[in-house]
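In the working numbering, the protein residues as written are 504 to 652.
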Amino acid sequence: MLLTPEQLRRHFQERGLKFTSQRYAIYRALAGSTEHPSVEDLYSTVKASYPTLSMNTVYNTLESLKEIGIASEISLWHDKARFDANQASHHHLVCLRCKKIEDLYDDTLDRLALSPKAKHRYRITGHRVEFHGYCSRCKPKMNKPQKRR
504 MLLTPEQLRR HFQERGLKFT SQRYAIYRAL AGSTEHPSVE DLYSTVKASY PTLSMNTVYN
564 TLESLKEIGI ASEISLWHDK ARFDANQASH HHLVCLRCKK IEDLYDDTLD RLALSPKAKH
624 RYRITGHRVE FHGYCSRCKP KMNKPQKRR
């Protein structure tokens with residue numbers, strides 16, 4: 504659900520954070536995407552409407568959105584961080600070739616539980632499962648034999 508500018512302003516102000524139309528545009532671009540965009544993706548999208556936008560504003564806004572609990576960061580190995588505004592319980596399918604990330608909704612995964620021994624060592628606040636493989640576009644390319652030179 505997309506927050507209105509007033510709703511987001513309230514979240515920012517409750518935490519003493521500055522709220523601007525640029526920050527709302529960044530949030531709107533993130534919340535409107537199912538592609539799990541990177542900082543660079545969001546910068547390119549929003550800069551078209553806000554030519555004075557800086558990359559630093561995008562970084563700071565994403566940090567604020569994470570702090571508020573409206574966005575989460577998805578870090579994949581040594582690849583650039585990606586972001587997700589979907590805070591509903593879900594997991595991810597990650598393509599190893601093109602780096603596409605798809606949301607996965609599965610009640611069975613939501614019910615995963617730790618052993619009592621592991622629970623004792625940690626205060627668990629949530630979990631996320633990632634499956635790695637090849638998406639429908641990349642899978643056929645993986646089955647083709649490579650040409651020898």
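Built from N, CA and C at the ideal position, the CB exists for glycine as well.
Residues that residue i bridges to, as DSSP identifies them
{"i": "R585", "result": "S541, I577"}
{"i": "L596", "result": "E605, F634"}
Chain-order list of residues whose beta-carbon lies under 6 Å from that of residue i (same chain, five-residue window excluded)
{"i": "C641", "result": "C598, R600, C601"}
{"i": "D638", "result": "In the sequence under discussion, the amino acid at residue 638 is Cys, which differs from the Asp named in the question. Closer than 6 Å at the Cβ level, and outside the excluded window around C638, lie C598, K603."}
{"i": "T564", "result": "R526, I529"}
Contact under 8 Å by Cβ, residue i with residue j
{"i": "H595", "j": "I577", "result": "yes"}
{"i": "L505", "j": "A534", "result": "yes"}
{"i": "L520", "j": "S567", "result": "yes"}
{"i": "A532", "j": "T548", "result": "yes"}
Chain-order list of residues whose beta-carbon lies under 7 Å from that of residue i (same chain, five-residue window excluded)
{"i": "K569", "result": "S575, E576"}
{"i": "H539", "result": "I577, R585, F586, D587, I604"}
Inset, instruction - Taking 8 Å as the threshold, find out whether the segment 553-568 comes into contact with the segment 525-537 through three or more Cβ pairs. - result: Note that the segment 553-568 touches the segment 525-537; at least 3 beta-carbon pairs, one per stretch, sit closer than 8 Å.
Legend entry - At least three beta-carbon pairs within less than 8 Å, the segment 613-633 to the segment 593-605: The answer is yes - the segment 593-605 touches the segment 613-633, with three or more Cβ pairs under 8 Å.
Inset, instruction - Could you tell me whether the segment 538-549 touches the segment 569-586, using the rule of 3 or more Cβ pairs below 8 Å? - result: The segment 538-549, when compared against the segment 569-586, does touch it at the 8 Å Cβ threshold.
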